[in-house]
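Remarks on the structure that follows.
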Amino acid sequence: MPPAPARSASADPEALLAGLDPEQREVATTLSGPVAVIAGAGTGKTRAITHRIAYGVATGVYNPTSVLAVTFTTRAAGELRGRLQQLGARGVQARTFHSAALRQAQYFWPQVYGGELPQVLDNRMSLVAEAASRLRVRVDTPRLRDLVSEVAWAKVSNVSAEDYPRLAAAAGRSVASVDPETVARVFTAYETAKRDRGRIDFEDILLCAAALMSEHEEVADTIRRTYRHLVVDEYQDVSPLQEALLTLWRGDRTD
Numbered sequence: 017m018p019p020a021p022a023r024s025a026s027a028d029p030e031a032l033l034a035g036l037d038p039e040q041r042e043v044a045t046t047l048s049g050p051v052a053v054i055a056g057a058g059t060g061k062t063r064a065i066t067h068r069i070a071y072g073v074a075t076g077v078y079n080p081t082s083v084l085a086v087t088f089t090t091r092a093a094g095e096l097r098g099r100l101q102q103l104g105a106r107g108v109q110a111r112t113f114h115s116a117a118l119r120q121a122q123y124f125w126p127q128v129y130g131g132e133l134p135q136v137l138d139n140r141m142s143l144v145a146e147a148a149s150r151l152r153v154r155v156d157t158p159r160l161r162d163l164v165s166e167v168a169w170a171k172v173s174n175v176s177a178e179d180y181p182r183l184a185a186a187a188g189r190s191v192a193s194v195d196p197e198t199v200a201r202v203f204t205a206y207e208t209a210k211r212d213r214g215r216i217d218f219e220d221i222l223l224c225a226a227a228l229m230s231e232h233e234e235v236a237d238t239i240r241r242t243y244r245h246l247v248v249d250e251y252q253d254v255s256p257l258q259e260a261l262l263t264l265w266r267g268d269r270t271d
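Below you can see the structure in the form of structure tokens.
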């Protein structure tokens with residue numbers, strides 16, 4: 017994932033600012049340092065940040081291939097790419113957190129560990145059901161779905177199985193008729209079954225990317241050289257796990 021060569025600006029910077037209100041214009045023209053856009057729904061936050069990226073590219077401050085813009089859904093990422101292309105900012109990477117992390121993990125995993133990145137599970141519910149069955153924990157379909165949700169919550173919250181009972185109680189979380197200690201045991205059994213099959217789940221994509229960067233400085237350096245500017249749409253929805261990965265992507269930089 018070597019840095020791409022710089023590309024020339026393809027849009028008139030001043031034309032990009034036309035039609036923006038004063039607050040959006042301030043966002044679009046502030047191209048260095050950390051910037052947080054705080055506004056209510058429907059006030060044009062995404063419009064402001066896409067124009068900021070496009071303005072940075074048009075003025076030559078940003079190399080488009082050095083910008084990574086992340087959001088939460090595939091649809092939102094597609095809309096972000098479409099807006100940026102319309103604004104002349106072609107070459108910017110606009111992805112979901114998971115898509116960006118998967119791309120990085122697939123690229124670096126063979127170099128660091130040898131072999132391909134483990135395949136992503138198609139159906140986590142069946143493996144959670146198997147884990148519960150091994151522990152002789154009887155659950156119906158609604159409770160099974162709740163268990164799956166708890167495993168996902170624990171992982172995106174960076175909560176280990178050992179810490180789950182305490183932190184789930186603090187967060188007011190529970191599964192009907194299943195005590196927290198049993199949920200933790202199912203969580204552990206699920207992780208074991210997953211490893212035995214050589215598979216990873218959706219949250220593991222982020223964990224794998226984070227581990228590659230935190231444990232291998234050369235990987236972190238390469239990714240940080242590649243993506244020198246980070247943009248997060250709807251930052252208020254970032255999970256603790258996504259925040260940890262974002263911190264690794266950023267390193268000690270402020271852009």
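The opening residue of the sequence shown carries number 17 in the working numbering; numbering runs sequentially from there.
No residue lacks a Cβ here, since even glycine has one placed at the ideal position from N, Cα and C.
So within the stretch 211 to 263, which uninterrupted beta strand (DSSP E) runs reach at least 3 residues, ignoring any that extend past its ends? Scanning the stretch 211 to 263 for uninterrupted beta strand (DSSP E) segments of 3 residues or longer gives 245 to 248, listed from N- to C-terminal end.
>> Quick check: what's the CA-CA separation for residue 201 versus residue 234?
In response: Taking the straight line joining both Cα atoms gives about 36 Å.
First through last residue of the alpha helix (DSSP H) which encompasses residue 140
Residues 140 to 150.
Exercise for review: Helix, strand or coil for residue 112, going by three-state DSSP, please let me know.
Suggested key: It is a strand residue.
Next on the checklist: For a test of your reading of the model: does the CB of residue 145 fall under 7 Å from any non-hydrogen atom of the ligand ADP? Yes or no.
Outcome noted: In the structure on display, the ligand ADP does not appear, and there are no ligands present to speak of.
_Less than 8 Å between the C-beta atoms of residue 27 and residue 43, yes or no?_
8 Å or more divides the Cβ of residue 27 from the Cβ of residue 43.
So what does DSSP say about residue 51, is it helix, strand or coil? Residue state, collapsed to three classes: coil.
ask   = Taking the continuous beta strand (DSSP E) assigned at residue 36, which residues delimit it?
value = Here residue 36 belongs to no beta strand (DSSP E), and DSSP marks it neither H nor E.
At least three beta-carbon pairs within less than 8 Å, the stretch 115 to 126 to the stretch 220 to 227:
Enough Cβ pairs lie closer than 8 Å, so yes.
Query raised in the report: residue 79: which of 214, 243, 31 and 254 sits nearest, CA to CA?
Result: For residue 79, the nearest C-alpha among the options comes from 243.
| query | Would residue 219 pass as a contact of residue 168 if the rule is Cβ separation under 8 Å? | reply | Yes. Within cutoff.
Next item on the list: Give the range of the beta strand (DSSP E) segment to which residue 83 is assigned.
Entry: It spans 83 to 87 - the beta strand (DSSP E) in which residue 83 sits, taken as one unbroken run.
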